Amino acid sequence: MFKFLFTVRMAVKHAIITGLVAIVGLFYFSSVNGLTCLSCDSVVNITDCLTQKATCTDIDEQCYLDKVILPDLSTVFSGGCRSKQVCDLIASSVGKRDTVACAQCCDKPVNNSTQIPCNGYLCNQNPQPAGSTCGVCDRVGDPTDCAIDQQCQPTEVCKVNTVFSGGAIKYELGCEQKTVSYCF
Numbered sequence: 001m002f003k004f005l006f007t008v009r010m011a012v013k014h015a016i017i018t019g020l021v022a023i024v025g026l027f028y029f030s031s032v033n034g035l036t037c038l039s040c041d042s043v044v045n046i047t048d049c050l051t052q053k054a055t056c057t058d059i060d061e062q063c064y065l066d067k068v069i070l071p072d073l074s075t076v077f078s079g080g081c082r083s084k085q086v087c088d089l090i091a092s093s094v095g096k097r098d099t100v101a102c103a104q105c106c107d108k109p110v111n112n113s114t115q116i117p118c119n120g121y122l123c124n125q126n127p128q129p130a131g132s133t134c135g136v137c138d139r140v141g142d143p144t145d146c147a148i149d150q151q152c153q154p155t156e157v158c159k160v161n162t163v164f165s166g167g168a169i170k171y172e173l174g175c176e177q178k179t180v181s182y183c184f
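Numbering of the sequence shown is given in the working numbering, commencing with residue 1 and proceeding in unit increments.
In structure tokens form, the structure reads like this:
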């Protein structure tokens, strides 16, 4: 009987210690290894997000990018951190008058060569810093199919527009002027 009680006590102590180590490890991992994402709300071009980044604070969060078509048929992007559960359950529309053309999530680290978080590349986007070299193509099936490059002006950014042509989704790539947003 004594041996049984001793074994039970040791098992309980082991479970408590293991639980505490797991909790401490969880807090350490989430605070030290937070995912970095682009963070923006309703911007016209994904490159407008490049200077705004957020660190996800919850270990269960992922980076997201939503591409929304507004009632006037213009397109805007929103990105940041979102729980994995929401990413898994994302609906096909955001509100009554906006249509989500794309809603994707990722949980990869920042691209070391470009320093752009993974959500910068979701929804067929390929952001480039201002004044960089961009693909210039008209109606290609995939943005990576563009083989023509152009150096943008310092006041320009790369763009990737999605168009519906001949019953298929196509992409137009090139340089465009940076947009300025004012918040009042």
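By construction, the Cβ of each residue, glycine as well, lies at the ideal position given by its N, Cα and C atoms. Remember, it's a predicted structure, so these values are computed and weren't measured experimentally.
Leaving aside the five residues that flank LYS170 on each side, the residues in its chain whose CB is nearer than 8 Å to its CB run, in chain order, ARG139, VAL140, GLY141, THR162, VAL163 and PHE164. Just so you know, the alpha carbons of CYS63 and SER39 end up roughly 9 Å apart. About 17 Å separates the CB atoms of ILE148 and VAL157; that is not less than 8 Å, and the two are not in contact.
Taking a 10 Å sphere around the C-beta of ASP58, we find fewer than 16 other C-beta atoms and assign the residue as exposed. Remark: C-beta atoms of VAL100 and VAL68 approach each other more closely than 7 Å.
For LEU173, the closest of PRO154, ARG82 and PRO143 by C-alpha to C-alpha distance is PRO143. Nearest Cα to VAL86 within the set SER78, THR75, VAL76 and GLN104: GLN104. Under DSSP, ASP149 takes part in a beta bridge, and its partners are GLY135. For PRO154 and CYS56, the gap between their C-alpha atoms comes out near 31 Å. Taking C-beta atoms as the reference points, LEU65 and ASN119 count as a pair closer than 7 Å.
ASN126 and VAL160 have their C-alpha atoms roughly 7 Å apart. In the structure shown, the three-state DSSP call for ASP88 is helix.
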